[in-house]
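Residue numbers (the working numbering), protein chains in the order written: chain C, 47 to 397; chain W, 47 to 397.
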């Protein structure tokens, strides 16, 4: 195990580690002790009908949801809903290459985990830990959108509403290749050492290059042109890279990023229907709002709209944000109000 | 000097090496023997009024223009025009870090060259070698567009028509950062050795990663989604990377790519007007067609349109091509017909 301060309660307050036990993975591996980092808000109603699930995105944890999306006055209101945010497997808080106590799956031996494995683990957690068998809403961004789609397709009877934000049900080839370029920044750092480093600091150079790729694809051309970083308190684009993106990613565990990336690249609900995406999305009975971000460079609106068109009774709700994909960080003052309006509309719909 | 077979007449037929002598550079360095690789087509009219200049793009040479853009039946018709394609300084054919015989500027000692330096060298070449003092047209793609804009702003009386394709007059911050990520792939390869490798093969890993970045930013999300590589004879996206983009870039000289990248990052015609882009573009008297590519990920149409709006009497002519920026390779059957139509319209306009 590697001690990495980023994955501590100093940075990530108030979460529980809950094991859902042995998890047999789609790719054939096994995690014997599948620990999930879980944060909850609010109270489960006696009828158990007010539960909202939030799965996390690549590099993300429950903390950004705590900081920006959840609270009184938001659509995700703990006074009305019991909200459960489950950190995805491999994200550094839930069971991950660097934090597992099981040497057979530590570091370079960590097994391949798929989006479906996360959803199976989450379903088990909700049922066994909280007695939740039906979700009022599943909502997530990016890889959280992938998991939201997977929930709606895999467990249609258990999902009343779904809100995938800035993500797709079937990963695109461009996205696969973009993610591969992220991985290559880590793989090419000699300090990565085939996944057998002893501190994430040894992979700092690769993580910095990785952060820079997020600069050009995660934000939009217009973000940089309009110098939106200045509103975040930075004096130059270089200062934004060294003061924001670089510290964000260099704090993280490289193998955690690689584990999530492998999963992200292969997200595909049509695995349930022999590759027929229309058939898979046609199974969705949840009331679904598809929420792309207008300036997203790698989950462009048209890719999300094409999937939305295959979901019965769904709506396309485009979030207007010049920040692009990393608008998910909710740094634009206009971002959360739009999310709140769309999620509020969705939650108010009878199902 | 490093012998690199890519920069030979086996690959690049029929070009001349012409020296324009000593070139004092904007950044303070000097190239004593400024050799330019030049290819011409057609015959200069006695009135010397049928000359067309084509500057080259990042990684490009005159060869792509010979193969795809120039010939009978094209707007760039050697039966009507005297066409001069000048390879940019640092492109591996013109004077470059790996091919100079001057040890004071070889390899890591190669001086910083700006777009304006190229244009000054080209103007001297045209005047001294061919007696050309006025251009019927300057046309180029990407960095060739940067040089076209520089010509029209720096020498307004010498340019009758200009057609910048898929490029900008003032480089955008996003573009600067994207180019930096390309550079980082080379810099991070231990074989690059601070620019003092003895064969470009030593930087192969970095050049492969560099090629992959072109895959995700140079082509468009739609290129990959529509599997446009299949029309180019490849069986998979991976096969297209290993069979097309990787061999293309791994054949090249890393320091040449870095020299061009430095120049690209800093292209800015407003250097002539104290940073006032509107004033710089307002100086243009050439009849100008601005030709962005519809799916370009890093020279988006709106960036080009914003500049076009500042050029008196100009027109915006968007080239529709799902290939994105690397549509410049003219692999889509619909690409060259559009270029021919727009350039034909422009050349037929009285000036």
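We put the CB at the ideal spot given by N, CA and C, even for glycine.
Quick check on residue i: buried or exposed, where buried means 16 or more other Cβ atoms within 10 Å of its Cβ?
i              : result
residue 150(W) : exposed
residue 63(W)  : exposed
residue 404(C) : The question about residue 404(C) has no answer, for chain C in this structure spans 47 to 397.
residue 93(C)  : exposed
residue 89(C)  : exposed
residue 194(C) : buried
residue 395(W) : exposed
residue 140(C) : buried
residue 57(W)  : exposed
residue 205(W) : buried
residue 273(W) : exposed
residue 173(C) : exposed
residue 391(W) : exposed
residue 159(W) : buried
residue 300(W) : buried
residue 282(W) : exposed
residue 74(W)  : exposed
residue 348(C) : exposed
residue 298(C) : buried
residue 326(W) : buried
So what does residue i bridge to, in DSSP terms?
i              : result
residue 335(C) : 361(C)
residue 180(C) : Residue 180(C) pairs with nothing; no bridge assigned.
residue 69(C)  : 77(C)
residue 271(W) : Partner(s): none; residue 271(W) has no beta bridge.
residue 85(W)  : 131(W)
residue 116(W) : 122(W)
residue 57(C)  : In DSSP, residue 57(C) forms no bridge with anything.
residue 185(C) : 209(C)
residue 314(C) : 216(C)
residue 98(W)  : 129(W), 183(W)
residue 49(C)  : None, per the DSSP bridge assignment.
residue 64(W)  : 82(W)
Find the nearest neighbour of residue i within the set the options, judged by alpha-carbon distance.
i              : options                        : result
residue 379(W) : 367(W), 388(W), 387(W)         : 367(W)
residue 192(C) : 57(C), 304(C), 316(C)          : 316(C)
residue 372(C) : 275(C), 353(C), 48(C), 322(C)  : 275(C)
residue 169(W) : 281(W), 390(W), 267(W), 84(W)  : 84(W)
residue 104(C) : 329(C), 295(C), 77(C), 55(C)   : 295(C)
residue 98(C)  : 77(C), 124(C), 118(C), 113(C)  : 124(C)
residue 222(W) : 200(C), 362(C), 284(C)         : 284(C)
residue 374(W) : 352(W), 111(W), 282(W)         : 111(W)
residue 217(W) : 254(W), 161(W), 267(W), 167(W) : 161(W)
residue 49(W)  : 77(W), 309(W), 142(W), 121(W)  : 142(W)
residue 166(C) : 108(C), 77(C), 269(C)          : 77(C)
residue 370(C) : 220(W), 288(W), 338(W), 362(W) : 220(W)
residue 353(W) : 288(W), 265(W), 214(W), 234(W) : 214(W)
residue 339(W) : 279(W), 269(W), 196(W), 308(W) : 269(W)
residue 114(C) : 377(C), 271(C), 393(C)         : 377(C)
residue 237(C) : 265(C), 251(C), 229(C)         : 251(C)
residue 82(W)  : 70(W), 95(W), 171(W), 106(W)   : 171(W)
residue 155(C) : 145(C), 313(C), 203(C)         : 145(C)
residue 152(C) : 47(C), 267(C), 288(C), 350(C)  : 47(C)
residue 80(C)  : 147(C), 87(C), 234(C)          : 147(C)
Is there a Cβ from chain B that is less than 8 angstroms from the Cβ of residue i?
i              : result
residue 343(W) : Among the chains of the structure shown, chain B does not appear; the protein chains present are C and W.
(message) Measuring CB atoms only, is the region 242 to 251 of chain W touching the region 334 to 342 of chain W, in the sense that at least three cross pairs come out at less than 8 angstroms?
(response) Judged by Cβ distances under 8 angstroms, the region 242 to 251 of chain W makes no contact with the region 334 to 342 of chain W, as fewer than three pairs qualify.
(message) Going residue by residue through the region 241 to 266 of chain W, where are the continuous beta strand (DSSP E) segments of at least 3 residues, counting only ones entirely within it?
(response) None, since the region 241 to 266 of chain W contains no complete beta strand (DSSP E) of that length.
(message) With three or more beta-carbon pairs closer than 8 angstroms as the criterion, would you say the region 341 to 352 of chain C touches the region 169 to 182 of chain C?
(response) no
(message) Between the region 209 to 219 of chain W and the region 185 to 201 of chain W, can you find at least three pairs of beta-carbon atoms closer than 8 angstroms?
(response) yes
(request) Would you check if there are 3 or more beta carbon pairs closer than 8 angstroms linking the region 381 to 389 of chain C to the region 300 to 318 of chain W? (result) They do not touch, by the three-pair rule.
(request) Evaluate the contact criterion for the region 250 to 267 of chain W versus the region 314 to 329 of chain C: three or more CB pairs, one atom per stretch, below 8 angstroms. (result) no
(request) Please determine if the region 285 to 295 of chain W and the region 129 to 147 of chain W are in contact, where contact requires at least 3 C-beta pairs separated by less than 8 angstroms. (result) Judged by pairs of C-beta atoms under 8 angstroms, the region 285 to 295 of chain W does not touch the region 129 to 147 of chain W, as fewer than three such pairs exist.
(request) Mind the definition here: the region 47 to 55 of chain C touches the region 127 to 134 of chain C only if three or more C-beta pairs lie below 8 angstroms; say whether that holds. (result) no
(request) Entirely within the region 208 to 238 of chain W and at least 4 residues each: give me those alpha helix (DSSP H) ranges in chain order. (result) 219 to 233
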